[in-house]
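Protein chains in written order, with our numbering: chain A, 1135 to 1322; chain B, 74 to 1060; chain C, 47 to 462; chain D, 447 to 552.
For glycine and all other residues, C-beta sits at the position ideal for the given N, C-alpha and C.
To start, the structure itself, in structure tokens.
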Amino acid sequence: MSFDIKIDQGVEIPEVLQSGRVVAELAGEKVRLSLRVKSADRTAVAKALGFTLPAKIGATSSKVGITCACLGPDEWIVIADQDKGGKLYGKALKLASKYDMSVTDVSFRNIGITVTGEGAADMINVGCPLDLRLAAFPVGSCTRSVYEAVPILLYRRAEDSFTVECWRSFAPYVVGLMAAHRSGAAST
Amino acid sequence: MSEFRRPGRGLVDYDSPVKFSFDGKTYDGFEGDTVASALLASGVHLMGRSFKYHRPRGPVGAGSEEPNALITVTRGKGRMTPNLRATTMEIYAGKETASQNRYPGLGFDAGAFNNVFSAFFPAGFYNKTFMWPKSFWDKVYEPFIRKMAGLGPAPTEVDPDNYGSVYATCDVLIVGSGPAGLAAALAASKKDQDVILVDENPQLGGSLISSPEVTIDGLSAADWRAKTLKTLEKSGNVRLMPRTTAIGYYHDNFVALAERHTDHLPMVEPGRIRETLHRIRAGEVILAQGAIERPLVFDGNDRPGVMLASAAQTYLNIYGVAVGKELVVFTSHDSAYNAAFELAGANVRIASIIDARREVHAHLIEEAERRGIDVHIGMVVSGTKGKKRISEVEIYESVHNDRKRIKCDALLMCGGWTPSLHLWSHSKGSIKWDSQTGVYLPDKANENCVCIGASNGDFGVKAALDAGSKAGGGRKTYKTEEPDFGVGEVFDHLPSYKKSSKTKAFVDFQNDVTDKDIKLAVREGFHSIEHVKRYTTNGMATDQGKTSNLNALEIASKALGKDAPQVGLTTFRPPYTPTTFGALCGYRTDDLFEVTRKTAIDPWAEGQGAVFEPVGVWRRAWYFPQDGEDMHAAVARECKVTRDSLGIFDASTLGKIEVVGPDASKFMNLMYTNPWSKLGVGACRYGLMLGENGYIYDDGVVGRIAEDRFHVTTTTGGAPRVYRHMEDYLQTEFPELDVWLTSTTEQWSVIALNGPNARKLIAPFVEGIDLSPEAFPHMAVREGSIFGIPTRLFRVSFSGELGFEINIPSHFGLAVWKALFEAGQEYNITPYGTETMHVLRAEKGFIIVGQDTDGTVTPQDAGMNWIVSKKKKDFVGKRSLQRSDLVAEGRKQLIGLLTDDPKVVLEEGAQIVADPNQPIPMDMLGHVTSSYWSESLGKSVAMALVKDGFNLMGQTLHIPMAGGVVHKATVVKPVFYDPNGERLNVL
Amino acid sequence: MKFSARSLFANALSGHQNWPEQFPNKEPKKEYDVVIVGAGGHGLGAAYYLANKYGITNVAVVEKGWLGGGNTGRNTTIIRSNYLFDESAGIYDHAVDLWDGLSQELNYNVMFSKRGVLMLAHNVHDVQSFQRHVHANRLNGVDNKWLSPEECQKVVPILDISQNRRFPVMGGAFQQRAGVARHDSVAWGYARAASKLGVDIIQQCKVIGIRRGADGAVEGVETEKGYIGAKKIGVSAAGNSSVVMDMAGLRFPLESYPLQALVSEPVKPIVPCVIMSNAVHAYISQSDKGELVIGAGTDQYTSYSQRGALHLVEHNIMSICEIFPIFKRMRMLRNWGGIVDVTPDRSPIVGKTPVPGLYVNCGWGTGGFKATPGAADMLAYTIAHDAPHKINAPFNLDRFVGGRLIDEAAAAAVAH
Amino acid sequence: MMLIHCPYCDEKRPEIEFAYAGEAHIARPDAAEQQEMSDAQWSEFLFIRDNKRGEHCERWWHANGCNMFFNAVRNTVTDKFVKTYKMGQKRPSASQISKWNEGGNV
């Protein structure tokens, strides 16, 4: 017997969000690691991993294909493209025996949705109460927050481009809310 | 054109005539009219009936403060809106409107007989009667009272419209676009602030629109307004929001706005948003809500045609409508003179100005006389006549007892001005009484907020503009030419020669509260304004007292002989004006109301025709009926196939938490009742978690993946609170532990395979794991791959059969499930849902936390003492378990029940007694927690929490049902199937 | 003057000029046998029962604001007694028995309307839990019936019972003797009846201290209007109970939370009974004026501000529109907040305290209004006898020590 | 919806990101202490709360933010936060609180 084992993110971007001023797209498969590192070991771990673990909550570091965001005093999330991140988990696991840290693979827990275009911030503000004016939430900011009923991870890639990450089963709600706003906004 | 129109005046578009209907009759108006302005232009003042006495009423105001002219607007199926104000409803072609609270019609209303007997319905009358005979209350009085309820009709169809909801942040939020608001916006805009300027009206500009005599910096008010709006539009940092009401002011400058998009449009495309809720966080809030004119309280002040002087100005200047041909003005404030002069200038005859004051500025009288208007100083209106519209007023002077009648077709009144402090009051800003003007004014702010212009008691255009500039961070002083706003006098009582029993002077028009009602309330001991309000219902109508609260306060304080502040002021409560439920829902209706979480495998179950049940925020497959099976048949089949061969179950919703770090096992020891230190890598253990109060909190199987890594599972509904519980203890109580928690619920899809063929099914597809019973015993976990996908494979069982739980990355969950199902055809594999899962576990006596236990059950009660470590010094809940009542005799304990008649399946929740013949109230021993038909055993099985249950083994208990049937059942140990667990070891 | 149709008629002829004060506001005397702190329905009721039932008429009720101005005047007026545990059923059903006939007893129409309370079940867990209630209530003599979805719809014709909804109606528990009453009238009625029996009602008189003697027993209360001696003190201060108990040196297992409610504009009758939904998290009834009266749960943090958050209101309205989508075009007229005092098991504390002569009635959380006559009677009984009645005996303070909690909410625990 | 200053993120964030976590500075007795405590003492730890009208020390969890529990002093009459501070810091004294109050902000 042979089986076709296909990957499936379980959510589709509604048509109304596929074109126009603000466009939403699925971010595709990523490697996602939750890193917890005690502050004393932060620089050493970063060096071993080959990218920066920013010290400030909400800050990110970016390298080609790898983004690392500081989410809490000892917490980082690494989001990497498949080709860059494939070996990261194993590498980090090995470090864990040496340093005061933990690493957990959460690659498949989240769905990433990019929202790009003029007014992208308004689309985020449909469900997220944060002040997203550029001065308050500059490019490169990343934080957990909420999108109405669901928790999200919000990352500003550019002035008019965000990535919203949420747990897999929340994704239809998130894109549903975006689509409802777009359908309505198109008419008002 | 109607004789009431004044072409050339107003903002209506005279080139765009609009026909609409009111009570089935067609009327003409123009684009830009409201229902009220267009009806007034057609000579119609009668627009509604009051709540209690059904008295005929016309509009008192011209805006959202209107208490009388309430109408129902209909626009197709599901789009019926009751209780709208005719004064704010913009017309469009074909708009259908109707009056309310009348039967059979507005002109003749049978309910008006209440008016005839109004003497018997004073404030609070219902407290005093309808009590005898007692039986009449339920059957006669109450149904009658309930039938009289309500103003407009209740909706009966689903609203097809959509609504929106968004957040926004700004530096400055300005509420009100009159001179103060506009000047504030200009100044803030120049300072590079992000500004939002809102106004509830369709046109921005507030009083500037109806101030034709005013000039600002050399421009007419209209030109200055136009220029300013253009500047603001172009500024790039000011967002202008007309038709938007600031409805409520909440903590830390959080203000809710309701924006109306479509109610004024003739055509609305499907899907268009009707209203949007904007939730604004503002750095600073500038409140420039203006002031509302106060009615005067005199006999007959509610007749159609009696209205506020400023309303008549608004009708003239915004809508080009004269509210009558021959007007009388009754005032106690200078401002009404300006209104009279403006109307006179628009070719409306002003028969007289009646001024209740004894002293009035000479120049006002001169100005009036210059226009040929009689002024009666020191006189009051003592009565009015006219059926559906006023036709005559009687005026009266108390010293000489002069009386005189004057014909008119409208009476304008002005009792002064009430600053609008609604939002200020929502924000918990304090207020102070200004005895000179008889009003409350803003005092100390509680938020970063200022209240300016008329709402701060600063009347006049210049005062408003300058205050606006300052509030917006500017320093501009404006030059204006404007008539002096003037001063007024507040009367707590207008003289009358009539016996009070013969008069009806209304304070709250909509709720039919008269000055007599307020005095009666005071007489009966209601001495606080809150009491007066509640006893009389003054200020509780749909206008929330905008025109009535201060008059009521004056009358009550006079009756009490106290100063107004000692009597108090009723609190303003949100919303500022009634707000559509739909807007408060915004987008969050139907699928967006609450999340429905679905697993990766859910689409497959749906495709198979599964019946689902909601479990917390998840939806789970309940059972998989085939060929018209009902639930009972489907579950019996699913159970049988699983026990005989193989069942497949989606367990993905189980919560999962990865507990990682050098102190992981120490932490587990503290969070669970049982010990974890010695659990080997690759082994699993069932864990029981308590709350600090000692009651069972959650449970689940935990696998040790590495020395420093546990894969913890929780109940489906418990996942979020277990995670919180763990984080809370870790961060607050045990911060010294080096351990970290990560929720991994959705990282994994979990496919449970149960049945004697489970191992056979997976064996060909699993790599990297020795599946032999010796190498992979029950309660073990291994990492490897299945179909080439990495897996954490658990050998566990919640059914008593040989079982595996295959954890695979969730994006592969569906594909792996399908592959297993296809391969499983060889074994007649059946998918099963939560119901079969429950039956299988109940046959084994496994508990479901939350069903067989609730928040009052200890491990001992559940018969699970075996899992409570006696050696550990501490774990959460340990100390509580020793409390006297938790170790006392007679606690409810979890036991099994077998019904005497094996076909009887007890009702879950049914109560258990020892003696079914005892009288009610019965001494109940406990209740049935789980009860199922067991196809495998050919009889029903049940679990129950029963007082002293462990000591009742073998005894017969009774379960009395409604209707007299009593079931009998025997107490047994709650393990019904394969008590020795042999089936786990099938090869 | 007795209230009746006849007296109403007679007074109408004299222009309603001759109605006496319903509850004269008194200045405090030097000393009373009993001082009740808090003139809500519970406190006024306790004073009334002390005077009427237990023969103690030298009673004062002191109130920091105006009578009936706290939770009595701020709640959604739901009355029911279909509680699970014997103890709860006992005290709430005692209240319902007193509600029935209260208008006649007080000669004040409190408009208790037995229109019924329907609690909707939306999932299997609800069904199990409500069935458990229905069975227990039946054997306790409390009327509460299980209704199928179709039967629910018969009671509430506007209910959508299609099973493919996010929150399908899988049935409901219906108590017919339950319903609503006119909240203000309850306070006024008790105040008037108590006044007639000689009870002094003293408003605008904040208690600022409790004086205790050398033996530890209470001697009186310090108030803004001076010291008032009292042989016994009954505290019925709802959200402010902790503050008052603190004056006697007692710390209590209480936390005070904001609770909001709202009404719509009035419309013609459409909601025939009280409808509650735990799963969707809202409840609704329609007042005799036609307003939809709507409420839900508390804010998350403790507060005495009587100011709630918008997102709770949003959610409350969303929930109502989820159950009744026809209400989306209705409009919210007024939204307000109160302060509710909540115990760890969300059941009240009614009885004696460790301080001799000090009695308490608190911790009613969101359920206080429905209990008004029952709680008032039990507080009065306990004060009069210096011992609890068997109905309120289980609601003692000691239960938190040994752990014999009366936890209705835990018993209905959501889980799996 | 209040704005709450998170001492870890060092910024004010909307209330709906946070979960209230009850009165602060109620330390859980250790194993030895637990065994020495009477039921009455233990119930005090479990259930008795200040429920203060005024400045109240309490815990919040920035659940949808940095995931940290922290302490706060908030006036329960005005709902205004006086100060937020990290877990592990001592309960501020009354004089410290009034000093903060004078300082006027978080």
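Counting only beta-carbon atoms, is residue i nearer than 8 Å to chain C?
{"i": "Gln362(B)", "result": "no"}
{"i": "Ala465(D)", "result": "yes"}
{"i": "Ala540(D)", "result": "no"}
Provide the residue span of the alpha helix (DSSP H) that contains residue i, from first to last.
{"i": "Arg865(B)", "result": "Taken as a continuous stretch (DSSP letters only), Arg865(B) belongs to no alpha helix (DSSP H), being part of the beta strand (DSSP E) at Ile862 to Arg868."}
{"i": "Lys543(B)", "result": "Val534 to Ala544"}
{"i": "Gln966(B)", "result": "Element bounds for Gln966(B): not the alpha helix (DSSP H) but the beta strand (DSSP E), Lys965 to Thr972."}
{"i": "Trp488(D)", "result": "Asp485 to Phe493"}
Does residue i have its Cβ less than 8 Å from a Cβ in chain B?
{"i": "Trp112(C)", "result": "yes"}
{"i": "Trp546(D)", "result": "no"}
{"i": "Gly1199(A)", "result": "no"}
{"i": "Asp1215(A)", "result": "no"}
Kindly list the residues whose CB is nearer than 7 Å to the CB of residue i, restricted to its own chain and excluding five residues on each side of it in sequence; keep chain order.
{"i": "Ser134(C)", "result": "Ser393, Ile452 and Glu454"}
Is there a Cβ of chain D sitting closer than 8 Å to that of residue i, yes or no?
{"i": "His434(B)", "result": "no"}
{"i": "Phe298(C)", "result": "yes"}
{"i": "Ser1303(A)", "result": "no"}
{"i": "His798(B)", "result": "no"}
{"i": "Pro400(C)", "result": "no"}
{"i": "His462(C)", "result": "Per-residue confidence for His462(C) stands at a pLDDT of 45, beneath the threshold of 50, marking its modelled position as unreliable; no derived number is given."}
The beta strand (DSSP E) with residue i in it runs from where to where?
{"i": "Leu392(B)", "result": "Note that residue 392(B) is Tyr in the sequence shown here, rather than Leu. Not the beta strand (DSSP E): Tyr392(B) falls in the alpha helix (DSSP H), residues Ala382 to Tyr392."}
{"i": "His784(B)", "result": "Arg782 to Thr787"}
{"i": "Asn407(C)", "result": "Leu404 to Cys408"}
{"i": "Gln984(B)", "result": "Gln984 to Val986"}
{"i": "Leu1167(A)", "result": "Lys1164 to Val1171"}
Find the nearest neighbour of residue i within the set the options, judged by alpha-carbon distance.
{"i": "Asn497(D)", "options": "Phe446(C), Arg297(C) and Lys72(C)", "result": "Arg297(C)"}
{"i": "Phe877(B)", "options": "Arg152(B), Ala825(B) and Val922(B)", "result": "Ala825(B)"}
{"i": "Leu281(B)", "options": "Asp244(B), Leu255(B), Lys303(B) and Asn174(B)", "result": "Leu255(B)"}
{"i": "Met74(B)", "options": "Lys92(B), Asp101(B), Asp96(B) and Val85(B)", "result": "Asp101(B)"}
{"i": "Ile124(C)", "options": "Val281(C), Ser333(C), Gly262(C) and Val80(C)", "result": "Ser333(C)"}
{"i": "Glu981(B)", "options": "Arg952(B), Gly950(B), Pro989(B) and Ser1013(B)", "result": "Ser1013(B)"}
{"i": "Ser870(B)", "options": "Leu887(B), Phe894(B), His911(B) and Ala836(B)", "result": "His911(B)"}
Measuring from the CB of residue i, is there a heavy atom of the ligand COA at a distance below 7 Å?
{"i": "Thr669(B)", "result": "No copy of the ligand COA occurs in the structure displayed, which carries no ligand at all."}
Here's a check: name, in chain order, each residue in its chain whose Cβ is nearer than 8 Å to the Cβ of residue i, leaving out the five neighbours to either side.
{"i": "Pro1207(A)", "result": "Ser1173 and Ile1191"}
{"i": "Leu1010(B)", "result": "Glu916, Phe1049 and Tyr1050"}
{"i": "Thr1322(A)", "result": "Caution is warranted here: a pLDDT of 48 is assigned to Thr1322(A), below 50, making its placement in the model unreliable, and the coordinate value is therefore given only provisionally. Answer for Thr1322(A): no residue qualifies."}
Return the chain-ordered list of same chain residues with a C-beta closer than 6 Å to the C-beta of residue i, the five sequence neighbours on each side being excluded.
{"i": "Glu104(B)", "result": "Asp86, Ser89 and Val91"}
Requested in this report: Return the chain-ordered ranges of every beta strand (DSSP E) run that is complete within the region 1203-1249 of chain A and spans a minimum of 3 residues.
Outcome: 1209-1215 and 1235-1239
Requested in this report: Give, in chain order, every unbroken run of the alpha helix (DSSP H) that is at least 4 residues long and sits entirely within the region 280-360 of chain B.
Outcome: Counting whole runs of 4 or more residues, the region 280-360 of chain B contains the alpha helix (DSSP H) stretches 294-308.
Query raised in the report: Taking the runs of the alpha helix (DSSP H) that are 4 residues or longer, which of them lie wholly in the region 543-579 of chain B?
Result: none
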